[in-house]
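In what follows, a single structure is set out as structure tokens and then discussed.
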Amino acid sequence: MGKTKSELLENIKVLCNGLYEDARLRDMVEFVVKPQNLIMFETKLKNDGFNMILDLFGVDFYDNQRLKDYAGVKERFAVIYHFLKIPQNERVRVIVPVSEENPSVPSSVRLFRGADWFEREVYDLLGIKFEGHPDLRRIMLPEDFEGHPLRKDFPTKGVKEYVGTKYTPRLVRLPGKEKPQDVFEEGARMIINVGPTHPATHGTFRMIFELEGEDIVGADLEIGYLHRGVEKNGENMRWEDFIPMTDRLNYLSAYLNNMIYTEMLERFLGIWDDVPQRAKFIRVILAELSRIADHLVSIGTMAVDLGALTPFWYFFKVREEIYSVFEWAVGARLTTSGTSVGGVRRDLDEKTIEKIKWIIDDILPKALKDVDSLLTKNRIFIDRTRGIGVISAQEAIEWGFTGPSLRGSGVAWDIRKVQPYGLYELFDFEVPVATEGDVYSRYLVRMEEMVQSAKIIRQALENMPQDGIRIKSDKFASLPSLPDKKLVYTQIEALIHHFKGIVEGVVPPFGWFYFGGEAANGELGFFAISDGKRTPWRIRIRPPCFAIYQAFRYMVLGHKLADFVGILGSINIVAGELDR
Amino acid sequence: MDKIIFVMIYFFLAVFIGVAMVILHIILSEKPKMVEKDKYLPFESGMKPLQPAYNRLPVKFYIYALAFLIFDIEVALLFPYVPLVKDLGKFGFFEILFFFTILFLAYIYLRETAIKEK
Amino acid sequence: MGIETSELVAFLVRSAVVIFLLLNIVPLMVFVERKIAAFVQDRIGPEKSGIYGLIQPLADAVKFFLKEAFIPPEANKFIYYISPIITAVTPILGFVVIPIVPILQPISSELSALTLIAFASMGVWGLLLGGWSSNNKFSLLGSLRSASQFISYEVPLSASILAMLILYGTFDFLKIVQAQEGSIFKWGIFLNPLAFLVFFIASLAESARIPFDLPEAEGEIVAGYHTEYSGMKFALFFMGEYMHLTLASALMIILFLGGWNIPFIKFDLPEDYLFEDVIEYAVGFVVFSVKLFLLLGFYVLIRWTLPRFRFDQLIRFSWGVLILLALISILISGVIAVF
Numbered sequence: 104m105g106k107t108k109s110e111l112l113e114n115i116k117v118l119c120n121g122l123y124e125d126a127r128l129r130d131m132v133e134f135v136v137k138p139q140n141l142i143m144f145e146t147k148l149k150n151d152g153f154n155m156i157l158d159l160f161g162v163d164f165y166d167n168q169r170l171k172d173y174a175g176v177k178e179r180f181a182v183i184y185h186f187l188k189i190p191q192n193e194r195v196r197v198i199v200p201v202s203e204e205n206p207s208v209p210s211s212v213r214l215f216r217g218a219d220w221f222e223r224e225v226y227d228l229l230g231i232k233f234e235g236h237p238d239l240r241r242i243m244l245p246e247d248f249e250g251h252p253l254r255k256d257f258p259t260k261g262v263k264e265y266v267g268t269k270y271t272p273r274l275v276r277l278p279g280k281e282k283p284q285d286v287f288e289e290g291a292r293m294i295i296n297v298g299p300t301h302p303a304t305h306g307t308f309r310m311i312f313e314l315e316g317e318d319i320v321g322a323d324l325e326i327g328y329l330h331r332g333v334e335k336n337g338e339n340m341r342w343e344d345f346i347p348m349t350d351r352l353n354y355l356s357a358y359l360n361n362m363i364y365t366e367m368l369e370r371f372l373g374i375w376d377d378v379p380q381r382a383k384f385i386r387v388i389l390a391e392l393s394r395i396a397d398h399l400v401s402i403g404t405m406a407v408d409l410g411a412l413t414p415f416w417y418f419f420k421v422r423e424e425i426y427s428v429f430e431w432a433v434g435a436r437l438t439t440s441g442t443s444v445g446g447v448r449r450d451l452d453e454k455t456i457e458k459i460k461w462i463i464d465d466i467l468p469k470a471l472k473d474v475d476s477l478l479t480k481n482r483i484f485i486d487r488t489r490g491i492g493v494i495s496a497q498e499a500i501e502w503g504f505t506g507p508s509l510r511g512s513g514v515a516w517d518i519r520k521v522q523p524y525g526l527y528e529l530f531d532f533e534v535p536v537a538t539e540g541d542v543y544s545r546y547l548v549r550m551e552e553m554v555q556s557a558k559i560i561r562q563a564l565e566n567m568p569q570d571g572i573r574i575k576s577d578k579f580a581s582l583p584s585l586p587d588k589k590l591v592y593t594q595i596e597a598l599i600h601h602f603k604g605i606v607e608g609v610v611p612p613f614g615w616f617y618f619g620g621e622a623a624n625g626e627l628g629f630f631a632i633s634d635g636k637r638t639p640w641r642i643r644i645r646p647p648c649f650a651i652y653q654a655f656r657y658m659v660l661g662h663k664l665a666d667f668v669g670i671l672g673s674i675n676i677v678a679g680e681l682d683r
Numbered sequence: 149m150d151k152i153i154f155v156m157i158y159f160f161l162a163v164f165i166g167v168a169m170v171i172l173h174i175i176l177s178e179k180p181k182m183v184e185k186d187k188y189l190p191f192e193s194g195m196k197p198l199q200p201a202y203n204r205l206p207v208k209f210y211i212y213a214l215a216f217l218i219f220d221i222e223v224a225l226l227f228p229y230v231p232l233v234k235d236l237g238k239f240g241f242f243e244i245l246f247f248f249t250i251l252f253l254a255y256i257y258l259r260e261t262a263i264k265e266k
Numbered sequence: 027m028g029i030e031t032s033e034l035v036a037f038l039v040r041s042a043v044v045i046f047l048l049l050n051i052v053p054l055m056v057f058v059e060r061k062i063a064a065f066v067q068d069r070i071g072p073e074k075s076g077i078y079g080l081i082q083p084l085a086d087a088v089k090f091f092l093k094e095a096f097i098p099p100e101a102n103k104f105i106y107y108i109s110p111i112i113t114a115v116t117p118i119l120g121f122v123v124i125p126i127v128p129i130l131q132p133i134s135s136e137l138s139a140l141t142l143i144a145f146a147s148m149g150v151w152g153l154l155l156g157g158w159s160s161n162n163k164f165s166l167l168g169s170l171r172s173a174s175q176f177i178s179y180e181v182p183l184s185a186s187i188l189a190m191l192i193l194y195g196t197f198d199f200l201k202i203v204q205a206q207e208g209s210i211f212k213w214g215i216f217l218n219p220l221a222f223l224v225f226f227i228a229s230l231a232e233s234a235r236i237p238f239d240l241p242e243a244e245g246e247i248v249a250g251y252h253t254e255y256s257g258m259k260f261a262l263f264f265m266g267e268y269m270h271l272t273l274a275s276a277l278m279i280i281l282f283l284g285g286w287n288i289p290f291i292k293f294d295l296p297e298d299y300l301f302e303d304v305i306e307y308a309v310g311f312v313v314f315s316v317k318l319f320l321l322l323g324f325y326v327l328i329r330w331t332l333p334r335f336r337f338d339q340l341i342r343f344s345w346g347v348l349i350l351l352a353l354i355s356i357l358i359s360g361v362i363a364v365f
């Protein structure tokens, strides 16, 4: 579709001549841009058609000179931007060096609204200020927290325990209602806490609404209740040990996260082509099953919040069966950790395959049909969802929407199609798109996506080859694709491989790598920096929910209190992924 | 007159049941041994309330309260017609029809102004 | 005042029986609702306590009595206590004039319909005051919602009742049921189906059931007006809802579905109870109960099928559609009664 990477590199070199320090081609087109040139550079990119900041994060190089050389920076920190052009799928990485003495970068919010919360997160976790950001507050951690945890000199142990959730709301208001009214002042508006223990917040996050009667005129969102420092944790564990951490991101579809992270690691290691086909097929089957499970929960809980409990039960019955498949296929139901580097943990046996066939051919279509007849043409449901939480295609891209929420706004954007990974290029499936961008559209997209996922699974089950589920160990002795147990017990060489594999784990080559895949809510990306050691230098997770949820406070404005539940349900926020 | 007394007796009987249930609950209920202060906060999704609940409120549906008065009185005015339907015959019916026409005009006005705005 | 002792005793017995039946219909309805919900949703429902889960409602009642009697400290205590009582008591009061069978009507009055409307309309006070007194924003929103909802649906409800009263030309429920004797085509539902429709929808809204359960919409305002209520005080709200539903169904049976009458069978119940008529009374009672439970079951099915309205849609539906239909139904009744 778009240009090749080298064409893109030349193109932008010409376009932004003199604004960058260094340009090169790695897994993505990369530019090193000084902070003072950043806004000019971004403007040029935006004029060229780059319409989304896919990701924005900071890296602390600390005293690692080799990494600094690799990145092309001299300072301690760097802020890294991933720009994306939809629908051409051209990606550019911009590295902005930030000094320790004056950690500040101009804010991109005016050009790309979606940078809003990402910049707040960098400010919170790394202490880099963004000049001109309208609302630069801590986002994950409480206001009075001391220190910035993602800095390398922030100790992992021995800091005093912090108790409390100090947070001062700052609301965004409906145009025309910006009356400077202090939050605690008494007035005709009612300020109400929704969450963390509210029936409509499936997960722990807090919304503060300002109501006039029942109309929402102001909103603020507080997140971070589930912040566990997954990225910081990742820096202190081995590469393959991070797989169980990915379960806890979007815990409704853990296998998708496993699959994307493992594929990132395998591509980073350069062993992707050697992973056996059967393992890739199994990954696709289970990943699509978990996508179905995720959408089932999403639609089911939305229906519950709108007052219809029955669809929820129809869907959860199917979900239970899907979880039983996971139990048989990988040994766990919710937090699967089903993949391992170079393959999958267990093979699918006949019984499991029969069960999967039963699910996608029998109970899933039946449940979909039932819920379809209960909701899709239900007048009350349509009244409650049509025209609610509308977000246009352009706004959605601006905010960084991906996945079903973007497709609900009429953009046919699916990583599985535009940049096939896994084995998705082999399968025939459609990318469902709805045009309105409201709650109903997102509901329709999710419903149809389940049908398409079932279609993929059906094709995958028919064409599954028989070439093993683990990478061959003679090629990659140091991988945890361990030799057979029989050989380990009888041959010294196999024993040594086994020992090394267990103790050292996998070590990707020095450098960095980004890989993103289509998770249930959108593009889930993993950016990893390896300094050649057994633990990663930095693992960055690009959470789809995070970008979507920041737009939520604007989506609810002007609607009734009863509408926020529908909007929230339709964008399917999962706190584990939001807060990490 | 007798019936009023019966109604009163029935009324006290019913109220007695309601009150008895609440009192019985107070007697039978478990008394907390340990009390935490936050338990006595009003429930606001697990956070301390940002604002007291007794506050000024915009009453958005005031117009409906007024409209309710009109229509409920209309219904009340029609009750005396009930036992006389057969006696008044066609004359009564057209009287009522006349009443309804005026009411209907008021309804149209209400519908075109107040309800449309909301 | 000449009240004979025998009359008083008869009245007390009748009242006691009616109230007893009414109080027992609540646990029964809880059970039926759970089982129907389980059936609709492809589940089993309660089954551990007792055979087929039959004593589950009893266990619930015991639990309600034993829970801590919690009062929010900043609540207005008197109002906080009386509002669940108001909610629970008003439908019981409404039953004072409902002729299940002639003998089971505590007070036979010429003005039964007016008495009933007067008592039943008081139910909104419980919700309104309960929500306001708990000093909680969710409760307050719930009670505001209930106030506007109930006054909006009060008009079509009383108008559709009025339509039927005009049709029969009397306030006396006993006479209304007797007028429907004999043929099924004498039933109110066939004479004025529009009034039935309006009454059905409005009674659904007055009982605050899905799709009209906005005062307690749990996804939006946690539990609405009873957010701060627990134990038996919550249970009284709960009972009030079910008894209100029962009252609405009973009224619907009397006005539209022929009371204790069986379709196509001439079935004459004498107003004065005599011992030789006991079989006929029993049959009448059973017929009434069957109709009642069919209606209640239908309410339950609706609850587990539909989502919830939004507030402005609900109000607009009442004022834009329902009231118009109710007024038309009054005219239809007038035409039928006069011509």
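Chains as they are written, first to last, in this note's numbering: chain A, 104 to 683; chain B, 149 to 266; chain C, 27 to 365. Just so it is clear, CB atoms sit at the ideal spot from N, CA and C, and this is done for glycine as well.
Per DSSP, what kind of secondary structure is B:T249 in: helix, strand or coil?
Here B:T249 sits in helix by DSSP.
How many Å lie between A:V197 and A:F630 at the Cα?
Roughly 14 Å between the two C-alpha positions.
Along the segment 293–310 of chain A, what residues have a CB closer than 8 Å to any CB found in chain B?
Within the segment 293–310 of chain A, the residues whose Cβ lies closer than 8 Å to any Cβ of chain B are, in chain order, M293, I294, I295, N296, V297, G298, P299, T300, H301, T304, R309.
Only counting the same chain, and skipping five residues up and downstream in sequence, which positions put a Cβ closer than 6 Å to that of A:R422?
A396, L399
What does A:D163 pair with, by DSSP beta-bridge criteria?
Paired residue(s): A:F180.
Find the residues of chain C that neighbour A:I483, judging by a C-beta separation of less than 7 Å, and give them in chain order.
P237, L332, P333, F335
In terms of alpha-carbon separation, which member of A:K636, A:D323, A:T593 lies closest to A:V606?
Nearest C-alpha to A:V606: A:K636.
Could you confirm whether any beta carbon from chain B is found closer than 9 Å to the beta carbon of C:L353?
Yes, because at least one Cβ of chain B sits closer than 9 Å to the Cβ of C:L353.
Got a sec, what are the start and stop residues for the beta strand (DSSP E) A:Y617 sits in?
614–622
So is C:Q339 in contact with chain A if we call contact Cβ pairs under 9 Å?
Residue contact check for C:Q339 against chain A: a CB pair falls below 9 Å.
I want to verify the contact list: residues of chain A whose CB lies under 9 Å from the CB of C:Q175, in sequence order.
Residues of chain A passing the Cβ test: none, with the nearest at roughly 12 Å.
Suppose contacts are defined by Cβ-Cβ distances below 9 Å. Is B:E255 in contact with C:I227 by that definition?
At residue 255 of chain B the sequence reads Tyr, which differs from the Glu that was named. No. Outside cutoff.
Beta-carbon within less than 6 Å of C:W330's beta-carbon, same chain only, minus the 5 sequence neighbours each way: which residues are those?
Taken in chain order, the residues that qualify are A63, V66.
Can you pull the chain A residues whose beta carbon is under 8 Å from the beta carbon of C:A243, in chain order?
G410, A665
Return helix, strand or coil for C:L48, following the three-state DSSP convention.
helix
For a contact defined as C-beta to C-beta under 8 Å, what are the partners of B:G237 on chain C?
V364
Any idea if A:P379 is buried or exposed, counting beta-carbon neighbours within 10 angstroms, 16 or more meaning buried?
With 16 or more other Cβ atoms within 10 Å, it is buried.
Going straight from the alpha carbon of A:G434 to that of A:L451, what length do you get?
11 Å
Inspect the beta-carbon positions of A:P302 and A:D376 and report whether they are closer than 9 Å.
Cβ atoms of A:P302 and A:D376: not closer than 9 Å.
So the alpha helix (DSSP H) C:G156 belongs to, where does it begin and stop?
149–159
If you measure from the beta carbon of B:I250 to each beta carbon in chain F, is any gap under 9 Å?
Included in the structure are the protein chains A, B and C, with no chain F among them.
Once the 5 residues before and after A:R341 are set aside, which same chain residues still bring their CB inside 7 Å of it?
Cβ neighbours of A:R341 beyond the five flanking positions: G608, R637, T638.
Could you check whether C:L167 and A:L122 sit closer than 9 Å to each other, using their CB atoms as the reference points?
no
Between which two residues does the beta strand (DSSP E) harbouring A:P245 extend?
Neither: A:P245 is in no beta strand (DSSP E) and is coded neither H nor E.
List the residues of chain A whose Cβ lies closer than 8 Å to the Cβ of C:V66, in chain order.
T413
Since I believe B:L176 is in contact with C:L92 (beta carbons under 8 Å), could you give me their beta-carbon distance rounded to a whole number of angstroms?
6 Å
With a threshold of 9 Å between beta carbons, is C:V24 in contact with chain B?
The requested residue 24 of chain C does not occur in the structure, where chain C is confined to residues 27 to 365.
Cα separation between A:A563 and A:D465?
The straight-line gap from Cα to Cα measures roughly 17 Å.
Between the segment 76–100 of chain C and chain A, which residues of the former have CB atoms less than 9 Å from a CB of the latter, in chain order?
none
Is A:P75 close to chain B? Criterion is C-beta to C-beta, closer than 9 Å.
Here chain A comprises residues numbered 104 to 683, so residue 75 of chain A is not present and cannot be evaluated.
At the 9 Å Cβ level, is A:L477 part of the contact set with chain C, yes or no?
yes
Can you check which of these residues, A:I388, A:R656, A:G306, A:L471, is closest to A:T455 by C-alpha distance?
A:I388
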